[in-house]
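**Q** Residue numbers (our numbering): 6 to 396. Backbone N, C-alpha and C define an ideal beta-carbon position, used for all residues, glycine too. Values in this document were obtained by computation on a predicted structure and should not be read as measured data.
Set out below in structure tokens:
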């Protein structure tokens, strides 16, 4: 009789195929029956954080690195994985920023899987139809938006989540990586003139969004892009796999991406990043199998399987480049070339994040907004940030 293992994760729909191949390989290799429990991201997060504290917790849970991983650790129910990280090959293969985002108070809890970044995606036939080329400067990007808008064509589709993605990408291009990271830690001010200018720029850009950005989800905005209701969408690199699996499109042939251009030449390109990691619960019902899984998930072989199956950019830097498709490889090269910072959701305290998202929505949706009004809204974010730092 085979031993069992429960794995909870959030790769569903078109994103599920690589994980299924990975789990199937693991099950065959170790003769373990794997229960593959895939749930929509929001449902997964809500259910698993409660479930890890109950009588029969999951064996393995996937999460985002950074703050969300730390939230699981705060339950006291997540096992440390220091022994797995004692491997010299793993230490050498994983970038420091990922290791730090898998750690809480100096102890390591996560085994990294993929990392990700964000880009502006478009269908090549649509760019060809409107005689467009990927912009190299922010002014060129705005000119594309202006020309499309003048023709009655919506340049950008953006869900509420993507509005936030636009903001953090704009912000870091104004302030640079060092200030951005210090701002996330509460060491810099939300009232800095460059931060205010970033919000003003977001508000100006939102004029080019498909109407009602806070009224639909990522999936709906994705469908709108494919229905050609808009020309561009800022999203994570998982849309690469979604296009390949869901539409049978070829990367770099049927669709492509460009990086958001620099806004301040002194800052240049900066990559907003994130990542996913596996966690093992302390009271895992199948503890030995869970340990085996975590060790395998950290291995080069596991990352190679996922890369080959189209998972995206893997955390291990020793994955052979030939396993990546052209789009993933170009994004990987960009991550290696330019400085990167973690997305706000991974580093900003939850209380500050919720207030920031509220004020951000007001700035985008407000009918008339002056710089003074934006400053007033940012004062509240600053007050909450200072309150947390003083605790």
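Quick one: grab the DSSP three-state call for residue 118.
**A** Three-state result, residue 118: strand.
**Q** Counting C-beta neighbours from all protein chains within 10 Å, is the total for residue 206 16 or more, i.e. buried, or is it exposed?
**A** With 16 or more other Cβ atoms within 10 Å, it is buried.
**Q** Does the separation of the CB atoms of residue 72 and residue 351 fall below 7 Å?
**A** Cβ distance < 7 Å, so residue 72 and residue 351 count as in contact.
**Q** Exposed or buried, what is residue 34 when buried is set at 16 or more other beta-carbons lying within 10 Å of its beta-carbon?
**A** That one is exposed.
**Q** Given this structure, state the Cα-to-Cα distance separating residue 38 from residue 9, to the nearest angstrom.
**A** Taking the straight line from one Cα to the other gives about 5 Å.
**Q** Can you say whether residue 225 is buried or exposed, counting buried as having 16 or more other CB atoms within 10 angstroms of its CB?
**A** Exposed.
**Q** Report yes or no: do three or more beta-carbon pairs, one from the stretch 269–283 and one from the stretch 169–183, lie closer than 8 Å?
**A** Result yes; three or more Cβ-Cβ pairs closer than 8 Å.
**Q** Please state whether DSSP places residue 89 in a helix, a strand or coil.
**A** It is helical.
**Q** Let me know if residue 167 comes out buried or exposed under the rule of 16 or more other beta-carbons within 10 Å of its beta-carbon.
**A** When all chains shown are included, residue 167 counts as buried.
**Q** With DSSP run on the structure shown, which of helix, strand or coil describes residue 223?
**A** Reduced to three states, the DSSP call for residue 223 is helix.
**Q** Just to confirm, are residue 117 and residue 315 a CB contact at a threshold of 7 Å?
**A** Cβ atoms of residue 117 and residue 315: not closer than 7 Å.
**Q** Quick one: Cα of residue 327 to Cα of residue 374, how far?
**A** If I take the Cα positions, the gap works out to 50 Å.
**Q** Under DSSP, the beta strand (DSSP E) around residue 283 begins and ends at which residues?
**A** Looking at the DSSP string, the run of the beta strand (DSSP E) that includes residue 283 is 276–285.
**Q** Evaluate residue 363 with the Cβ neighbour count: other Cβ atoms within 10 Å of its Cβ, from every protein chain shown; 16 or more gives buried, anything less gives exposed.
**A** Residue 363 is exposed by the Cβ-count criterion.
**Q** Counting beta carbon pairs with one atom in the stretch 307–322 and one in the stretch 150–158, are three or more of them shorter than 8 Å?
**A** No: the two stretches stay apart, fewer than three of their Cβ pairs being nearer than 8 Å.
**Q** Identify whether residue 69 lies in helix, strand or coil by the three-state DSSP scheme.
**A** Here residue 69 sits in strand by DSSP.
**Q** Shortest alpha-carbon distance to residue 219 belongs to which of 67, 231, 366?
**A** It is 366 whose Cα lies nearest to the Cα of residue 219.
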